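If you're matching positions, the sequence shown starts at 3 in my numbering and goes up one per residue.
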Amino acid sequence: MYRKTTDILKAKLDKKNYKKLIQINNQKLHQFIEKYVKLCNPDEVFVCSDSLEDIQRIREDAVKSGEEKKLAIDGHTVHFDGYYDQARDKKHTKFLFSKSADLDPNLNVIDRRKGLDEIHTLLKNIMQGHKLYVCFFCLGPVNSEFSIPCVQLTDSSYVAHSESLLYRCGYDKFKKLGTSEHFFRFLHSEGELQKGVSLNIDKRRIYVDTEEDIVYSVNTQYGGNTIGLKKLAMRLAINKASREGWLTEHMFIMGVHGPNNRITYFTGAFPSACGKTSTSMLKGETIVGDDIAYLREKMRKIRAINPEKGIFGIIRDINSKDDPIIWEVLNREGEIIFSNVLITDNGDVYWIGKDGEVPTSGFNHSGKWMVGKKDNEGNEITPSHRNARFTLDMKLLKNLDSKADDPDGVVVGGIIYGGRDSDTSVPVEESFNWVHGIITKGASLESETTSATLGKEGIRKLNPMANLDFLPIPLGRYIKNNLDFGEKVQDPPPIFSVNYFLKDKEGNFLNDKSDKAVWLKWMELRSHRDVEAIKTPTGYIPKYQDLKRLFMEVLNKDYSEEDYIKQFTLRIPENLLKIDRIIKIYETKVPNTPKILFEVLKEQKQRLKAAKEKYGDYISPTNWLMVDSS
Ligand code: SPV
Ligand code: MN
Numbered sequence: 003m004y005r006k007t008t009d010i011l012k013a014k015l016d017k018k019n020y021k022k023l024i025q026i027n028n029q030k031l032h033q034f035i036e037k038y039v040k041l042c043n044p045d046e047v048f049v050c051s052d053s054l055e056d057i058q059r060i061r062e063d064a065v066k067s068g069e070e071k072k073l074a075i076d077g078h079t080v081h082f083d084g085y086y087d088q089a090r091d092k093k094h095t096k097f098l099f100s101k102s103a104d105l106d107p108n109l110n111v112i113d114r115r116k117g118l119d120e121i122h123t124l125l126k127n128i129m130q131g132h133k134l135y136v137c138f139f140c141l142g143p144v145n146s147e148f149s150i151p152c153v154q155l156t157d158s159s160y161v162a163h164s165e166s167l168l169y170r171c172g173y174d175k176f177k178k179l180g181t182s183e184h185f186f187r188f189l190h191s192e193g194e195l196q197k198g199v200s201l202n203i204d205k206r207r208i209y210v211d212t213e214e215d216i217v218y219s220v221n222t223q224y225g226g227n228t229i230g231l232k233k234l235a236m237r238l239a240i241n242k243a244s245r246e247g248w249l250t251e252h253m254f255i256m257g258v259h260g261p262n263n264r265i266t267y268f269t270g271a272f273p274s275a276c277g278k279t280s281t282s283m284l285k286g287e288t289i290v291g292d293d294i295a296y297l298r299e300k301m302r303k304i305r306a307i308n309p310e311k312g313i314f315g316i317i318r319d320i321n322s323k324d325d326p327i328i329w330e331v332l333n334r335e336g337e338i339i340f341s342n343v344l345i346t347d348n349g350d351v352y353w354i355g356k357d358g359e360v361p362t363s364g365f366n367h368s369g370k371w372m373v374g375k376k377d378n379e380g381n382e383i384t385p386s387h388r389n390a391r392f393t394l395d396m397k398l399l400k401n402l403d404s405k406a407d408d409p410d411g412v413v414v415g416g417i418i419y420g421g422r423d424s425d426t427s428v429p430v431e432e433s434f435n436w437v438h439g440i441i442t443k444g445a446s447l448e449s450e451t452t453s454a455t456l457g458k459e460g461i462r463k464l465n466p467m468a469n470l471d472f473l474p475i476p477l478g479r480y481i482k483n484n485l486d487f488g489e490k491v492q493d494p495p496p497i498f499s500v501n502y503f504l505k506d507k508e509g510n511f512l513n514d515k516s517d518k519a520v521w522l523k524w525m526e527l528r529s530h531r532d533v534e535a536i537k538t539p540t541g542y543i544p545k546y547q548d549l550k551r552l553f554m555e556v557l558n559k560d561y562s563e564e565d566y567i568k569q570f571t572l573r574i575p576e577n578l579l580k581i582d583r584i585i586k587i588y589e590t591k592v593p594n595t596p597k598i599l600f601e602v603l604k605e606q607k608q609r610l611k612a613a614k615e616k617y618g619d620y621i622s623p624t625n626w627l628m629v630d631s632s
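Here is the structure:
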């Protein structure tokens, strides 16, 4: 039986590639590759080892195949996804569950047998005329107990190239794995192409099989649907973590630099396109990762690693003033893939919100573009897509943290939850304790929808821990996992919320984008109890004097008490409505919600009501007398 597998591989692969594959002594791997080489029927198979030569081959293929085009600056290329293939397709991303699995009504599920049949029918001969890339990666630093080996099969050189920038090499790790069965598997095909983009997007499917730790993705090119090791692996990792008692979170990891060269590491969960990458890239701080974190308890502390080594970030609105570090990197030579931006007539890259003049013509995801161009639905086409991205290896960054590759991870000194909230939460607030934080900040995170997923923007939705889109397990269990995790550690780190999007009644933002730098410094100080805070019914908020000092130190800005009052006024009606909305969702839509969630939210409601009796609907922070220095 196994002999047959290797015979088939030998027949399908040339000598050099067969040799690379067979040097990994793993039947499960060989059988997986054989199965899909037979079914998908590619013209050619390329096995990528960790050698620079192999990685270089993939880069060159991406240009040769037309999936990427070279740009004027050395190392820069551009890739376009189809016009209707520009974001994560939540509707067609489904979990394959057998009937007996404990189902959660919130999960997008398809019967496993039915889903496997469907996907295997779609995959038949799908790679005819294509070259298949077999790539090995390691999620997390190599030689770390956090890490997970992965194999990716894809017929897109763009996907393989992106992954070579975003993930650590794993071929050698596979060689050392021996016969071990534990690794994630990803199979992607962009399907039939027309003018370089997936033609059959009506048959776009992303099916996640947590029973086998395999994800299938077909008839799509957009990175969020195709880069197996990103959000597809994250779904598998959440499941694995839940089984094994650790956490996989949609979080950045960054070092916040405090007084006397102290570095305190924070993780931060934000829904897509809500400021996560730009927070982790703040000037003066250092980055470990911008998107995903694995958290484990070790010696009664929380430690975090970044399973990635690169960034697939949103490019919209990056400008020299707000994002100086990324701006500088995007404008100098280095290996960067731009996707779904505008290429101007003189070969420059343009994206919405970039410094300088808006071009009137060029080439973008819709083909040849000029101002006023409309799509088939009559909508005006923006110069770049709102979800246009850049992909790079973080080694290009000057602000990369020295512990980014530490196999033991970094000790987490604080956790942040942030969403797009125009009218309810104050800009920064610390919860009373772990349970209060997980429930009122994490599990209650609401955000207005953005361009990172297909569908309408600006609709307020509950998005617990900013992780809802990726959960393969029932939400109630996921919340319980988070609550329990705090019990494993001694003095769990403080949990904060931030809100960069608060507006006044007239609809004006109450903060500058740069203000987040100050909130971080305040949280760093609070993490060490270096400053006192004011206790309110919803949590601890900063004292005006501390912020005034920090605004001057960090931003050289005079921070007025008037601004402080506007920003930190507790909005009782909005907070009460929010609690009611959240309780209702958990009561009606989330089976097995931990009971404590309702208790903690109801207590918060009581505190808000009592405050309302005493001070009215909108309570200035100057009213609170209870200063807590705990
Ligand atoms: C996000 O949308 O949260 C991303 C990019 O980080 S994607 O890979 O599309 O998920
Ligand atoms: Mn993300």
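A virtual CB, placed ideally from N, CA and C, is assigned to each residue, including glycine. Bear in mind that the values here come from a model prediction, so they are computed numbers and not experimental data.
H259 in three-state terms, based on DSSP: Here DSSP, grouped into helix, strand and coil, assigns H259 to strand.
Closest residue to S529 among L473, F272, D493, F340 (Cα-Cα distance): Of the listed residues, the one whose Cα sits closest to S529 is D493.
Give the range of the alpha helix (DSSP H) segment to which I57 is assigned. Run containing I57: 54-66, per the alpha helix (DSSP H) assignment.
Selection from F487, T540, V290 that minimises the alpha carbon distance to V304: Going by the sequence as given, residue 304 is Ile instead of Val. Ranking the options by Cα distance to I304, first place goes to F487.
Go ahead and label I461 buried or exposed: buried means 16 or more other beta carbons lie within 10 angstroms of its beta carbon, across all protein chains shown. Looking at its Cβ environment, which holds fewer than 16 other Cβ atoms inside 10 Å, I461 is exposed.
Close-in-space but distant-in-sequence residues of the same chain around K72 (CB under 7 Å, 5 per side omitted): Leaving aside the five residues that flank K72 on each side, the residues in its chain whose CB is nearer than 7 Å to its CB run, in chain order, V65, T79.
Nearer than 6 Å: is that true of the beta carbon of A454 relative to any heavy atom of the ligand SPV? Correct: A454 has its Cβ closer than 6 Å to the ligand SPV.
Where the alpha helix (DSSP H) containing V556 begins and where it ends: From DSSP, the alpha helix (DSSP H) with V556 extends over 546-557.
Taking any heavy atom of the ligand MN as the mark, which residues have a C-beta closer than 6 Å to it, listed down the chain? The set of residues with any CB-heavy atom separation to the ligand MN below 6 Å comprises, in chain order, H252, S274, D293.
Using only the alpha-carbon positions, how far apart do R479 and N594 sit? Here the alpha carbon of R479 sits roughly 7 Å from the alpha carbon of N594.
The region 419-437 touching the region 543-558, judged by at least three CB pairs closer than 8 Å: Yes: the two stretches touch, three or more of their Cβ pairs being nearer than 8 Å.
Whole-angstrom distance between L473 and R237, CA atom to CA atom: R237 and L473: Cα-Cα distance of roughly 6 Å.
According to DSSP, residues forming a beta bridge with P151: Answer by DSSP bridge pairing, in chain order: C140.
Is the closest heavy atom of the ligand SPV to the C-beta of K232 under 6 Å? Yes, Cβ of K232 sits closer than 6 Å to a heavy atom of the ligand SPV.
Three-state secondary structure assigned by DSSP to R245: The three-state reading of DSSP puts R245 in helix, counting H, G and I together.
Any idea what DSSP makes of V602, helix, strand or coil? DSSP, read as helix, strand or coil, puts V602 in helix.
What beta strand (DSSP E) runs, 3 residues minimum, are completely inside the region 155-220? With a minimum length of 3 residues, the continuous beta strand (DSSP E) runs that stay inside the region 155-220 are 186-191, 207-211, 216-220.
Does chain D have any CB closer than 7 Å to the CB of L31? Given the protein chain composition of this structure (a single chain), no chain D is represented.
Just to confirm the assignment, what range does the beta strand (DSSP E) spanning Y38 have? First-last for Y38: 29-42, but that is the alpha helix (DSSP H), not the beta strand (DSSP E).
Considering only the beta carbon of each residue, do I315 and Y209 sit closer than 7 Å? Strictly speaking, residue 315 in this sequence is Gly, with Ile absent from that position. Note that the C-beta distance between G315 and Y209 is not below 7 Å.
Taking G198 as the reference, which of L552, E615, S67 has the closest Cα? Looking at the Cα atoms, S67 is the closest of the given residues.
Please tell me whether, using a cut-off of 6 Å, the distance from the CB of G416 to the nearest non-hydrogen atom of the ligand SPV is below it. False, no ligand heavy atom lies under 6 Å from that Cβ.
Check I437 in the structure and name its three-state DSSP category. The sequence given here has Val at residue 437, not Ile. Helix.
Would you be able to state if there are at least three C-beta pairs under 8 Å between the region 238-245 and the region 376-390? Contact between the region 376-390 and the region 238-245 is absent, because fewer than three Cβ pairs lie under 8 Å.
Buried versus exposed call for L168 [16 or more other C-beta atoms within 10 Å across all chains shown]: By the neighbour-count rule (16 or more Cβ atoms within 10 Å), L168 is buried.
Looking at the strands, I want to know which residues DSSP matches up with T266. As computed with DSSP, T266 is found in a beta bridge with V258.
Spatial neighbours of S158 within its chain, please: CB distance less than 6 Å, with the 5 preceding and 5 following residues excluded, ordered by chain position. Once the five neighbours on either side are set aside, the close Cβ partners of S158 are E192.
For E70, does the count of other Cβ atoms within 10 angstroms reach 16, so buried, or fall short, so exposed? With 16 or more other CB atoms across the displayed protein chains lying within 10 angstroms of its CB, E70 is buried.
Under 6 Å from any heavy atom of the ligand SPV, does the C-beta of G77 make it? No.
Cβ-heavy atom distance between R237 and the ligand SPV below 6 Å? Flag unset: Cβ of R237 not near the ligand SPV.
Answer yes or no: the CB of R206 versus the heavy atoms of the ligand SPV, is any distance below 6 Å? Taking non-hydrogen atoms of the ligand SPV into account, the C-beta of R206 is found less than 6 Å away from none of them.
For F97, which residues in the same chain have their Cβ closer than 6 Å to its Cβ, ignoring the five residues on either side in sequence? Counting only Cβ-Cβ distances below 6 Å, and skipping sequence neighbours, we find L109, V111, V210, P474.
Contact between the region 515-523 and the region 575-590: three or more CB pairs below 8 Å? Contact annotation: the region 515-523 does not touch the region 575-590, with fewer than three C-beta pairs closer than 8 Å.
Between the Cα of I574 and the Cα atoms of K616, N221, L249, which residue gives the shortest distance? Ranking K616, N221, L249 by Cα distance to I574 puts K616 first.
Measuring alpha carbon to alpha carbon, tell me which of L447, K405, H438 ends up nearest D423. Ranking L447, K405, H438 by Cα distance to D423 puts L447 first.
Note the first and the last residue of the continuous alpha helix (DSSP H) segment covering M129. From DSSP, M129 is part of no alpha helix (DSSP H); its letter is neither H nor E.
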